[in-house]
Each structure stands twice: as structure tokens, then as C-alpha cells.
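Sequential numbering from 654 applies to the sequence shown in this note's numbering.
The structure appears right after this line, and notes come after that.
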Amino acid sequence: MKSFLIIGMGKFGHYLCRELAALGNEIMAVDEEEECLTGCLPLVTSAKIGDCTQPEVLSELGINNFDSCFVCIGTNFQSSLEITSLLKEMGANHVISRASTDVQAKFLLRNGADEVVYPERDIAEKVAKKASANHVFDFVDLGDYGIYEVLPPKSWAGKSIRELDVRVNYNINILGLRREDQGIVMPRADYRFEKDDHMLVMGSDQDLARFLKKLS
């Protein structure tokens, strides 16, 4: 269990709060507007109304006691920048700030952010990749690499990983398989595919793009 401070309880702040709470973490939520805090009250350890661009407000929060501080303000970049800078100056362990553009990200990183997230861009990219490829159920972006959950090509049914020589012929690695309620991590070379198997495959973006075309 970790302890998190979330500043800015808009849509992104609320979703982040919900996910962190579901994982059993302690959360303090802060926003200027009381109504923005209402929906998160059952999820958080504590909540506070305040303007975090004011140093005296931040000093009351005990920010160095949190594992990470999230700055989730999306409508006022100047406030986001000021809060990010103040958090780091006042001893925050790890500051994660929200950005909408690369220019915003550069300013945030220069002014104290340890990490920057792009929620809108990341969601758009994920939706686009899933919609553009057939049989893609989910994916994880790892920079120049990725992990995709896909169905195997129909021609693979009844054949083993060894027979197909997947790693040599496709330059991808099969990390896991799911068949109905059964999960297999790092399947053996003699595993034979069934048409309804779900595979977790990992590879470079270029190799995965070539492989996904074979699923069309």
C-alpha cells in the first residue's frame, strides 16, 4: 500500500482516484471547488478544499509524506506549472503532472515534474490501435515495443509453437495464452494452438505491425 496526493479532481483526477483506491492505496484529494471533491469522498482517506498555488496550502498537506503527488489540473496550465514547481521545492518525493501537449510536458519537466502523463493522447492512441487492427483485444505500449492480446492466425490452429517457429519467422515472443478460464504463462514449444486462444505477444512496433497484417 502506498500513499498518494491528488491535486485537481476533474475527470482524470476522479478516474485516477478510483483506480488507486481499488488497489488499496491511501489517498488525499485536493481541489479548489468543494463540489469537485464530493464524488471521491467514499474513496479517499482525506480531502481538502484549497488553492494549491498558495505555498501555505501545500505546507499544511505534509507533501513529503506521500509516495507520489499527482497534479491533475487540465484547464489551467499556469496553475499546474506553479503547483508542480512548488511541490518539488517543498520536498515532494515524486511529482507526476498532467500535460496536453509536448510543449507543456517540457515546461513541467523543467520545473520539477519527475514524470508527465498525457491521458487524452494515450487513450486516443490506444483506441486507434485497437480499431485499426483486427482481433486486437488490448495492448500495452512499451515505447518502441509493445504487448498485444490477439487471436492466433487461423492457419495456426492445431500447430505447435515449435512447428511454426514463431520467434524466427515472425520475430515476436509469446508471453502467455488464455483458453477459456485457463491461463498459461510462457507456453512450452510443444503447445498446440486452438482457434479461440488468446495470445499475449511481444515485439517491436515494426514486427508487431507486420504480424497484425497477417490477422486481417
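Cβ coordinates follow ideal geometry from the N, Cα and C atoms, glycine included.
All figures in this text were calculated on a predicted structure; none of them were measured in a lab.
Endpoints, alpha helix (DSSP H) assigned at R816 | Residue mapping note: residue 816 aligns to position 163 of the sequence shown, counting from 1. For clarity, residue 816 is Glu in the given sequence; the question names Arg instead. Its alpha helix (DSSP H) spans residues I814 to L817.
Grouping DSSP H, G and I as helix and E and B as strand, with all else coil, what is K701?
-> Translated into positions along the sequence shown, residue 701 becomes position 48. Looking at K701 - three-state DSSP - the assignment turns out to be strand.
Just tell me which of P708, V770 and K741 has its CA closest to the CA of I666.
-> Position 13 of the sequence shown, counted from the start, is the residue given in the question as residue 666. The amino acid at residue 666 is misidentified as Ile; the sequence shows Gly. With distances taken between Cα atoms, G666 lies closest to V770.
Can you tell which of Y844, Q835 and M662 has its C-alpha closest to the C-alpha of C725?
-> Counted from its first residue, the sequence shown places residue 725 at position 72. Cα-wise, what sits closest to C725 is M662.
Pick helix, strand or coil for L795, following the three-state DSSP scheme.
-> Within the sequence shown, numbered from 1, the residue matching residue 795 stands at position 142. Strand.
Could you name the residues of the same chain whose beta carbon sits closer than 7 Å to that of E672, not counting the 5 residues immediately before and after it, in chain order?
-> As a first step, residue 672 must be located in the sequence shown, where it is residue number 19. Excluding residues within five positions, none has a Cβ falling inside 7 Å.
State the CB to CB distance for the pair L714 and V756, rounded to an integer number of angstroms; the pair is presumed to be in contact (CB under 8 Å).
-> Position 61 of the sequence shown, counted from the start, is the residue given in the question as residue 714. Position 103 of the sequence shown, counted from the start, is the residue given in the question as residue 756. In fact, because the Cβ distance is near 29 Å, the residues do not count as touching under 8 Å.
Inter-residue Cα distance where the pair is H747 and M654 = Sequence index remark: in the sequence shown, residue 747 carries index 94 (1-based). Sequence index remark: in the sequence shown, residue 654 carries index 1 (1-based). Their Cα atoms are separated by approximately 16 Å.
Contacting residues, own chain, Cβ-Cβ under 8 Å from G829 (five flanking each side not counted) | For the purposes of this step, residue 829 is taken as residue 176 along the sequence shown, with counting starting at 1. Correct list, in chain order: G836, I837, V838, M839, P840, M852 and L853.
Does the stretch 715-724 touch the stretch 689-698, meaning 3 or more C-beta pairs lie closer than 8 Å?
-> no
For G765, does the count of other Cβ atoms within 10 angstroms reach 16, so buried, or fall short, so exposed?
-> Here residue 765 refers to the residue found at position 112 of the sequence shown. So G765 counts as buried.
Please name the residue or residues paired with Q835 in a DSSP beta bridge.
-> One-based indexing of the sequence shown puts residue 835 at position 182. BP columns for Q835 point to R832.
Examine the Cβ distances between the stretch 791-798 and the stretch 814-832 and report whether three or more of them are shorter than 8 Å.
-> no
Count the other C-beta atoms from every protein chain shown that fall within 10 angstroms of the C-beta of S808, then say buried if there are 16 or more, exposed otherwise.
-> Position 155 of the sequence shown, counted from the first residue, corresponds to residue 808. When all chains shown are included, S808 counts as exposed.
Mark Y801 as exposed unless 16 or more other C-beta atoms lie within 10 angstroms of its C-beta, in which case mark it buried.
-> Position 148 of the sequence shown, counting from 1, holds the residue named residue 801. Classification of Y801: buried, given that the 10 Å Cβ count is 16 or more.
Would you please state the rounded distance, in angstroms, between the beta carbons of I659 and F723? I believe it to be under 8 Å.
-> For the purposes of this step, residue 659 is identified with residue 6 of the sequence shown, where counting begins at 1. For the purposes of this step, residue 723 is identified with residue 70 of the sequence shown, where counting begins at 1. Correct: roughly 5 Å between the Cβ atoms.
Name, in chain order, the residues that DSSP records as bridge partners for I825.
-> For the purposes of this step, residue 825 is identified with residue 172 of the sequence shown, where counting begins at 1. Answer by DSSP bridge pairing: none, since I825 is not bridged.
Coil, strand or helix - R841 by DSSP | One-based indexing of the sequence shown puts residue 841 at position 188. Looking at R841 - three-state DSSP - the assignment turns out to be coil, as it is neither helix nor strand.
Please go through the stretch 701-742 and give each complete beta strand (DSSP E) segment of 3 or more residues, from N-terminal end onward.
-> 721-724
Contacts around E742, its chain only, beta-carbon distance under 8 Å, and the 5 residues preceding and following it disregarded = Position 89 of the sequence shown, counted from the start, is the residue given in the question as residue 742. Contacts found: G765.
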